[in-house]
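All the letters of the sequence shown, read from the start, carry residue numbers 11 to 468 under my numbering. Note that CB positions come from ideal geometry on N, CA and C, so glycine has one too. Please read all numbers here as calculations on a predicted model, not as lab measurements. Encoded as structure tokens, the structure appears first; notes follow it.
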Amino acid sequence: MEKPWEGRFKEKTEELVERFTQSVSFDKRLALHDIQQSLAHVKALKSSGVLSEEEERVISSGLQRVKEDVEKGTMEFAKELEDVHMNIERALIEKVGDVGGKVHTGRSRNDQVATDERLYIKEEIEKLQRELKELRRALVSLAERTLDVIAPSYTHLQRAQPISLAHYFLAYREAFLMDSMRLSNAHRIADSLPLGSGASAGVDFPIDRFQVAESLGFRSVLRNSLYATAERDFILDVLYACAVCGVHLSRLSEDLILWSSEEFGFVSLPDRLCTGSSIMPQKKNPDVLELVRAKTGRLYGNMIALFTVLKGLPYAYNRDLQEDKEPLFDSLDTLRDSIAVMKLVLEGLSVNEERMFSCAGGFALATDLANYLVLKGMPFRQAHKVVGSLVGYLVEKRKKLEEVSLEELKHFSELFDEDALKLLDPRIVADRRKTYGGTAREQVLLQIENAKREEGMP
Ligand code: ARG
Numbered sequence: 011m012e013k014p015w016e017g018r019f020k021e022k023t024e025e026l027v028e029r030f031t032q033s034v035s036f037d038k039r040l041a042l043h044d045i046q047q048s049l050a051h052v053k054a055l056k057s058s059g060v061l062s063e064e065e066e067r068v069i070s071s072g073l074q075r076v077k078e079d080v081e082k083g084t085m086e087f088a089k090e091l092e093d094v095h096m097n098i099e100r101a102l103i104e105k106v107g108d109v110g111g112k113v114h115t116g117r118s119r120n121d122q123v124a125t126d127e128r129l130y131i132k133e134e135i136e137k138l139q140r141e142l143k144e145l146r147r148a149l150v151s152l153a154e155r156t157l158d159v160i161a162p163s164y165t166h167l168q169r170a171q172p173i174s175l176a177h178y179f180l181a182y183r184e185a186f187l188m189d190s191m192r193l194s195n196a197h198r199i200a201d202s203l204p205l206g207s208g209a210s211a212g213v214d215f216p217i218d219r220f221q222v223a224e225s226l227g228f229r230s231v232l233r234n235s236l237y238a239t240a241e242r243d244f245i246l247d248v249l250y251a252c253a254v255c256g257v258h259l260s261r262l263s264e265d266l267i268l269w270s271s272e273e274f275g276f277v278s279l280p281d282r283l284c285t286g287s288s289i290m291p292q293k294k295n296p297d298v299l300e301l302v303r304a305k306t307g308r309l310y311g312n313m314i315a316l317f318t319v320l321k322g323l324p325y326a327y328n329r330d331l332q333e334d335k336e337p338l339f340d341s342l343d344t345l346r347d348s349i350a351v352m353k354l355v356l357e358g359l360s361v362n363e364e365r366m367f368s369c370a371g372g373f374a375l376a377t378d379l380a381n382y383l384v385l386k387g388m389p390f391r392q393a394h395k396v397v398g399s400l401v402g403y404l405v406e407k408r409k410k411l412e413e414v415s416l417e418e419l420k421h422f423s424e425l426f427d428e429d430a431l432k433l434l435d436p437r438i439v440a441d442r443r444k445t446y447g448g449t450a451r452e453q454v455l456l457q458i459e460n461a462k463r464e465e466g467m468p
């Protein structure tokens with residue numbers, strides 16, 4: 011197969027080199043974006059008088075036909091033609107004849123590939139944002155269901171303080187909201203047009219880049235042709251945003267994996283989302299969550315891979331940049347699936363309220379007992395010590411905090427009265443955390459209402 015650049019060459023390309031340098035096996039994903047930009051490009055070539063009206067009409071209709079082939083899946087991509095750009099150009103020439111060869115006037119694959127990628131990223135982020143929103147909605151629904159479920163919160167994976175379980179789910183909703191902001195940021199950064207930068211220095215045809223930007227829906231035009239063709243920083247932003255979202259998903263997975271163990275017994279997953287063991291008949295494993303947790307490693311890996319490709323790379327374009335695509339595609343695919351799986355898990359989750367409540371009390375109430383003394387005038391540091399000794403005493407006696415008598419309390423401080431015993435209820439204790447952002451029922455309810463409004467939920 012004839013290569014677009016073969017004029018300069020006397021030898022046929024080595025088969026291994028062809029295989030090693032090709033990118034079409036993966037960049038064919040960009041085919042529709044490539045056609046979209048070619049359509050805008052030929053329009054600009056016509057406006058500036060480089061193409062006649064007739065030529066533009068023929069090329070555009072040819073591109074439309076190539077597009078149909080891509081959409082139908084009948085377009086054949088050849089690795090001899092290296093990448094998606096040269097494949098589309100060849101397909102166009104096959105449809106409309108030599109005039110198709112005019113499509114690449116005033117354009118290089120260097121500004122072309124960057125343009126395709128930016129178009130692709132914008133579209134993918136918009137999809138991802140919708141899926142993230144669905145995930146957040148699932149969390150808000152769970153929060154509504156669990157407003158009155160009292161659970162332990164953990165620090166250092168030791169029981170810390172009682173909370174409303176809704177408060178926990180809303181915490182993750184916040185995290186996924188920040189992920190959306192990071193993705194919006196990446197979208198904003200990708201939203202500028204490279205086309206018209208040529209191979210590195212700009213182009214010598216009078217193309218109106220602002221017109222091209224407008225017809226492709228870019229918010230602005232990149233102002234430096236070297237930067238436009240050399241950089242993949244905008245992809246790093248996407249990979250970073252994906253990696254952070256992955257961290258959130260993996261931490262949530264880890265909690266749910268722990269909570270669904272017999273030891274915790276806080277939640278269970280529906281059978282349809284679990285897998286079994288080939289040898290142990292009793293097993294019902296949360297494999298999907300384990301995989302979500304593990305796939306975060308790929309998201310980091312993809313980010314580090316591109317950072318490494320870019321480091322020390324001479325300005326402007328180098329073929330190294332071709333290695334940006336697989337990490338990008340993989341991160342977007344991986345994150346999309348992980349979000350979808352997590353959403354299913356949350357929707358199917360059942361909560362063992364009694365078990366959670368029974369773990370929310372005990373020494374998790376100790377802070378409140380100390381605060382009781384504070385309200386009676388004792389400095390907090392001293393109160394901490396008093397209650398600390400009480401806890402030590404009860405541990406030795408193998409008694410729970412709820413089982414303490416007023417007499418015993420008084421032994422540690424004269425300031426304790428009958429009403430101190432009433433404090434020893436996780437529900438009451440949780441309800442006392444009334445600061446904005448705290449776990450008191452009224453605050454959590456407020457946050458649920460806010461969240462529902464922000465997520466457009468009825
Ligand atoms: N497949 C290439 C890439 O992904 C397209 C640009 C190639 N440009 C070049 N001058 N070889 O980066």
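Between the alpha carbons of D121 and T239 lies a gap of roughly 5 Å. In the DSSP annotation of this structure, the continuous segment of the alpha helix (DSSP H) that includes Y237 starts and ends at 235-240. Under the three-state reduction of DSSP, R169 is assigned to strand.
DSSP, read as helix, strand or coil, puts A161 in strand.
Exclusion of the five residues before and after A450 leaves D441, R443, K444 as the residues of its chain whose Cβ lies within less than 6 Å of its Cβ. For Q332, the distance from the CB to the nearest heavy atom of the ligand ARG is below 7 Å.
Of the residues assessed, T165 falls on the exposed side of the cut-off, its CB having fewer than 16 other CB atoms within 10 angstroms.
Contact check for L359 against L316 fails: the beta carbons are separated by 8 Å or more. When secondary structure is reduced to three states using DSSP, S230 falls in the strand class. Counting other Cβ atoms within 10 Å of its Cβ, E99 reaches 16 or more and is therefore classed as buried.
For S270, the three-state secondary structure derived from DSSP is coil.
Cα atoms of E12 and F228: separation of roughly 35 Å, rounded to the nearest angstrom. K77 is positioned such that its CB atom lies closer than 8 Å to that of I45.
Burial of K112 is indicated by the presence of at least 16 other C-beta atoms within 10 angstroms of its C-beta. Here E465 is not near R140, since their CB atoms are 8 Å or more apart.
Using a cutoff of 7 Å, the CB of K89 does not count as near the ligand ARG, since none of the ligand's heavy atoms is closer than that. Taking C-alpha positions only, L431 is separated from L266 by approximately 33 Å.
Checking the 7 Å criterion, the Cβ of Y327 is within range of a heavy atom belonging to the ligand ARG. For A200, the enclosing alpha helix (DSSP H) has its first and last residue at 175-200. The closest CA to that of K335, considering only D93, Y403, D79, is found on D93.
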